[in-house]
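Participant: Here's a structure for you.
2 protein chains.
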Amino acid sequence: MTTNKARPRGRPRGFDPDQAVATAQRLFHARGYDAVSVADLTEALGINPPSFYAAFGSKAGLYARAVGRYANAGAIPLPELLCPNRPVAESLAAVLEAAARIYAANPDAAGCLVLEGTRCNDPAARETARASNDAAADTIRRFIAARHPEEAERLTDYMNTTMAGLSAKARDGYSLDRLLATARLASQAIAQALPASASR
Amino acid sequence: MTTNKARPRGRPRGFDPDQAVATAQRLFHARGYDAVSVADLTEALGINPPSFYAAFGSKAGLYARAVGRYANAGAIPLPELLCPNRPVAESLAAVLEAAARIYAANPDAAGCLVLEGTRCNDPAARETARASNDAAADTIRRFIAARHPEEAERLTDYMNTTMAGLSAKARDGYSLDRLLATARLASQAIAQALPASASR
DNA sequence: GGCATTTTGTATCAATGACTACAAATAAAG
DNA sequence: CTTTATTTGTAGTCATTGATACAAAATGCC
């Protein structure tokens, strides 16, 4: 596992890039992309700018790594929530509830790293976040379309919009209880649009 | 109307502050607070920095003026939508529909100036936006509480969250149709929570 | 005309942003 | 030991940020 390859050649790295990505993920999530400077990052990582740029290319490059890591550590686990055996409305409700819980779980990193990233002022980072968000939206859309094709677009938009709102309000300091109440209320609209009878 | 007061004393202004606020409002709404620099503003206004700071104190000061103007020109007209003669659920649905329409009305200034402002990186501007948003939330909360006190908190949170989502997605380029569909779906949850029978 | 008052234009300021040039350091390969 | 390859630390670069110092210009008041 830890024996990957023989040492490359030159001087060995003085830091662990994967751990650096994890640290960067925390920082970006806590303060937002724009509010984290390269100086903040190099200080938090205990390295100097040249090491930073040699390893990650740019601030946006590191952000892309952090977003990639986020999918496996911190984001909503869509694959396990969107279960083909469960009614669609129930699955979507589970996603919204998970969003509320995850966005409020850590007050120092509230909301969704990706959704908040789509609002930043760096074009490269914004595109990274947008691509990740689009991928998640596609997953939801395909899940709905499999059983309710005529409702897929509308409900996907509704899910995306609701999650964006939940992320924003989580960053405004809304408590878990308030976010959960909103998520559940939002789920009722979905249940109404997808009568249980049409579960398959 | 235009004859306000006798000329003050010294050298007359070379620009109209009210028109400058209107221009600034457009710029802030189009690009967001952080992405508009003082240099952008002074250029758009055709003035130099000293005139800018003499008139508005700071970038955040001008933003406060722009937000104040927004309430009367661009924002959702809550006072006329929250009509005490109409059922609460119907009024709230009208607010969400207005949000969708207004947020998508101008593609060059999508979303809500205030809601997006609450996400900026300048503490002073953020506090200005937050105060304005809180005032709007209070208006909604009192309107609901007048007839459905036990639902006021939950529905106000739901409204705020939904509008934040609509604003974010409007900035993502969602069309009016998509935003309207989401707003209407969201309204169904409200209608369900406030049975028509309890209209008074 | 002369004085007080206010705004304007020129020319900055200090701080911070992302990013790099360059040589010393550290390793494997020959 | 020499060569080659890679990373490191020092010390910057250059553009941009929000905000100002200062004197000239333009008005009302006396």
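In order, the protein sequences belong to chains C and W. Reading the first sequence from the start, the letters are residues 1 to 200 in the numbering used here. Reading the second sequence from the start, the letters are residues 1001 to 1200 in the numbering used here. For every residue, glycine included, the Cβ atom is placed at its ideal position computed from N, Cα and C.
1. So, are the CB atoms of Ala1164 of chain W and Gly173 of chain C less than 7 Å apart?
2. With distances taken Cα to Cα, identify the nearest neighbour of Tyr63 of chain C among C:Ala125, C:Pro107, C:Arg101.
3. Please check the pair Ala129 of chain C and Gly117 of chain C, which I expect to be a contact at CB under 8 Å, by giving their CB distance rounded to whole angstroms.
4. CA-CA distance, Ala109 of chain C and Ala100 of chain C?
5. Specify the secondary structure class of Pro1017 of chain W as computed by DSSP and reduced to three states.
6. Taking all protein chains shown into account, decide if Asp18 of chain C is buried (16 or more other Cβ within 10 angstroms of its Cβ) or exposed.
7. Can you confirm whether the region 44–62 of chain C touches the region 21–31 of chain C when touching is taken to mean that 3 or more C-beta pairs between the two stretches lie within less than 8 Å?
8. Looking at Arg1178 of chain W: is its Cβ nearer than 7 Å to the Cβ of Asp157 of chain C?
9. Just how far apart, CA to CA, sit Glu1151 of chain W and Pro77 of chain C?
10. For Glu1127 of chain W and Ala1035 of chain W, what's the separation of their Cα atoms in angstroms?
11. Just checking my contact of Cys1112 of chain W with Ser1175 of chain W at CB under 8 Å: how many whole Å lie between their CB atoms?
12. Can the beta-carbon of Phe1052 of chain W be found closer than 7 Å to that of Thr1042 of chain W?
13. Among the candidates W:Pro1079, W:Leu1045, W:Arg1011, whose CA atom is the shortest distance from the CA of Ala1098 of chain W?
14. Which of the residues in the region 1023–1053 of chain W, read from start to end, lie with their CB under 9 Å from any CB of chain C?
15. Could you give the C-beta distance for Leu82 of chain C and Ile190 of chain C, rounded to a whole number, given that I count them as a contact under 8 Å?
16. Looking only at its chain, what residues have a beta carbon closer than 7 Å to the beta carbon of Arg13 of chain C, apart from the 5 residues adjacent to it on each side?
17. Return no unless some Cβ of chain C is closer than 7 Å to the Cβ of Ala1198 of chain W.
18. Counting contacts by CB-CB distance shorter than 7 Å, is Gly1165 of chain W in contact with chain C?
19. Are Thr162 of chain C and Ala193 of chain C close, meaning C-beta to C-beta below 7 Å?
20. Where does Ile1047 of chain W fall in DSSP's three states?
21. Does Thr2 of chain C have its Cβ less than 7 Å from a Cβ in chain W?
22. Under 7 Å Cβ-Cβ, which residues of chain C neighbour Ala1189 of chain W?
23. One question on the structure: do Val88 of chain C and Ile144 of chain C come within less than 7 Å of each other, judged by their Cβ atoms?
24. The alpha helix (DSSP H) spanning Pro79 of chain C covers which residue range?
25. To be precise: take each residue of the region 1155–1182 of chain W, compare its Cβ to all Cβ atoms of chain C, and keep it if any distance is under 9 Å. Which residues remain?
26. Does Arg119 of chain C get closer than 7 Å to chain W when you measure Cβ to Cβ?
27. Quick check on this structure: which residue in C:Ala30, C:Ala104, C:Arg171, C:Pro123 has the alpha carbon closest to the alpha carbon of Gly61 of chain C?
28. In chain order, what are the residue ranges of uninterrupted beta strand (DSSP E) at least 3 long that sit wholly in the region 1113–1194 of chain W?
29. For the alpha helix (DSSP H) containing Tyr1063 of chain W, name the first residue and the last one.
30. Taking Cβ-Cβ distances shorter than 9 Å, what residues in chain C pair up with Ala1193 of chain W?
31. Using a threshold of 7 Å, state whether the C-beta atoms of Ala1183 of chain W and Tyr1103 of chain W are closer than that.
32. What span of residues does the alpha helix (DSSP H) with Ser1091 of chain W cover, start to end?
33. From Ala39 of chain C to Pro49 of chain C, what does the alpha carbon distance come to, in whole angstroms?
34. Within the same chain, show all residues whose beta-carbon is closer than 8 Å to that of Ala1146 of chain W, passing over the 5 residues directly before and after it, in chain order.
35. Return the CA-CA distance between Ala1181 of chain W and Met1159 of chain W, expressed in angstroms with no decimal places.
Facilitator: Taking the definition as stated:
1. Translated into the one-based positions of the second sequence, residue 1164 of chain W becomes position 164. Translated into the one-based positions of the first sequence, residue 173 of chain C becomes position 173. Result no, Cβ atoms of Ala1164 of chain W and Gly173 of chain C do not sit closer than 7 Å.
2. Within the first sequence, numbered from 1, the residue matching residue 63 of chain C stands at position 63. The option with the nearest alpha carbon to Tyr63 of chain C is C:Ala125.
3. Counting from 1 along the first sequence, the entry for residue 129 of chain C is found at position 129. Counting from 1 along the first sequence, the entry for residue 117 of chain C is found at position 117. That belief holds up - the Cβ atoms of Ala129 of chain C and Gly117 of chain C are roughly 3 Å apart, short of 8 Å.
4. By one-based count along the first sequence, residue 109 of chain C stands at place 109. By one-based count along the first sequence, residue 100 of chain C stands at place 100. Their backbone Cα atoms lie some 13 Å apart in a straight line.
5. Translated into positions along the second sequence, residue 1017 of chain W becomes position 17. Helix, per DSSP.
6. Translated into the one-based positions of the first sequence, residue 18 of chain C becomes position 18. Asp18 of chain C should be labelled exposed.
7. yes
8. Start at 1 with the first residue of the second sequence, and residue 1178 of chain W comes out as number 178. Start at 1 with the first residue of the first sequence, and residue 157 of chain C comes out as number 157. Their beta carbons are under 7 Å apart, which means Arg1178 of chain W touches Asp157 of chain C by this criterion.
9. Sequence index remark: in the second sequence, residue 1151 of chain W carries index 151 (1-based). Sequence index remark: in the first sequence, residue 77 of chain C carries index 77 (1-based). Roughly 31 Å between the two C-alpha positions.
10. Position 127 of the second sequence, counted from the start, is the residue given in the question as residue 1127 of chain W. Position 35 of the second sequence, counted from the start, is the residue given in the question as residue 1035 of chain W. Each residue's Cα considered, the two are about 17 Å apart.
11. Counting from one through the second sequence, the residue named residue 1112 of chain W turns up at place 112. Counting from one through the second sequence, the residue named residue 1175 of chain W turns up at place 175. Contact doesn't hold; Cβ gap of about 17 Å is too wide.
12. Looking up residue 1052 of chain W in the second sequence gives position 52. Looking up residue 1042 of chain W in the second sequence gives position 42. Taking 7 Å as the Cβ cut-off, Phe1052 of chain W and Thr1042 of chain W qualify as a contacting pair.
13. Counted from its first residue, the second sequence places residue 1098 of chain W at position 98. Comparing Cα positions, the closest option is W:Pro1079.
14. Arg1031, Gly1032, Asp1034, Ala1035
15. To locate residue 82 of chain C, count along the first sequence from 1; it is residue 82. To locate residue 190 of chain C, count along the first sequence from 1; it is residue 190. Incorrect: roughly 13 Å between the Cβ atoms, too far for contact.
16. By one-based count along the first sequence, residue 13 of chain C stands at place 13. Correct list: empty, nothing qualifies.
17. Translated into the one-based positions of the second sequence, residue 1198 of chain W becomes position 198. Annotation note: pLDDT 47 at Ala1198 of chain W (below 50); position unreliable, no value reported.
18. What you label residue 1165 of chain W is simply residue 165 of the second sequence in a count that begins at 1. Yes, contact with chain C.
19. Along the first sequence, one-based indexing puts residue 162 of chain C at 162. Along the first sequence, one-based indexing puts residue 193 of chain C at 193. Not closer than 7 Å, so no.
20. Mapped onto the second sequence, residue 1047 of chain W falls at position 47. Three-state DSSP puts Ile1047 of chain W in coil, outside helix and strand.
21. Position 2 of the first sequence holds residue 2 of chain C. Annotation note: pLDDT 45 at Thr2 of chain C (below 50); position unreliable, coordinate value reported separately. Using beta-carbon distances, Thr2 of chain C does not count as an interface residue toward chain W, since no partner is under 7 Å.
22. As a working note, residue 1189 of chain W is residue 189 in the second sequence. Result: Leu185, Ala186, Gln188, Ala189.
23. Counting from one through the first sequence, the residue named residue 88 of chain C turns up at place 88. Counting from one through the first sequence, the residue named residue 144 of chain C turns up at place 144. Going by C-beta atoms, Val88 of chain C is nearer than 7 Å to Ile144 of chain C.
24. Within the first sequence, numbered from 1, the residue matching residue 79 of chain C stands at position 79. Counting along the chain, the alpha helix (DSSP H) containing Pro79 of chain C begins and ends at 78–81.
25. Leu1155, Asp1157, Tyr1158, Asn1160, Thr1161, Thr1162, Met1163, Ala1164, Gly1165, Leu1166, Ser1167, Ala1168, Lys1169, Arg1171, Asp1172, Tyr1174, Arg1178, Leu1179, Ala1181, Thr1182
26. Taking the first sequence and counting its residues from 1, the one referred to as residue 119 of chain C is at position 119. Chain W contact via Cβ: present.
27. Numbered from 1 along the first sequence, position 61 holds the residue referred to as residue 61 of chain C. The shortest Cα separation from Gly61 of chain C among C:Ala30, C:Ala104, C:Arg171, C:Pro123 belongs to C:Pro123.
28. The region 1113–1194 of chain W contains no whole beta strand (DSSP E) run of 3 or more residues.
29. Here residue 1063 of chain W corresponds to residue number 63 of the second sequence, with the count starting at 1. That run of the alpha helix (DSSP H) goes 1059–1072.
30. As a first step, residue 1193 of chain W must be located in the second sequence, where it is residue number 193. Per Cβ cutoff of 9 Å: Leu185, Gln188.
31. In the second sequence, the residue the question calls residue 1183 of chain W occupies position 183. In the second sequence, the residue the question calls residue 1103 of chain W occupies position 103. Tyr1103 of chain W sits away from Ala1183 of chain W, with the two beta carbons spaced by 7 Å or more.
32. Start at 1 with the first residue of the second sequence, and residue 1091 of chain W comes out as number 91. Looking at the DSSP string, the run of the alpha helix (DSSP H) that includes Ser1091 of chain W is 1088–1105.
33. Numbered from 1 along the first sequence, position 39 holds the residue referred to as residue 39 of chain C. Numbered from 1 along the first sequence, position 49 holds the residue referred to as residue 49 of chain C. So the two alpha carbons sit approximately 8 Å from each other.
34. In the second sequence, residue 1146 of chain W corresponds to position 146, counting from 1. Excluding sequence neighbours, Ala1146 of chain W sits near Pro1084.
35. On the second sequence, position 181 is the one that residue 1181 of chain W refers to. On the second sequence, position 159 is the one that residue 1159 of chain W refers to. Computed Cα separation, rounded: 15 Å.
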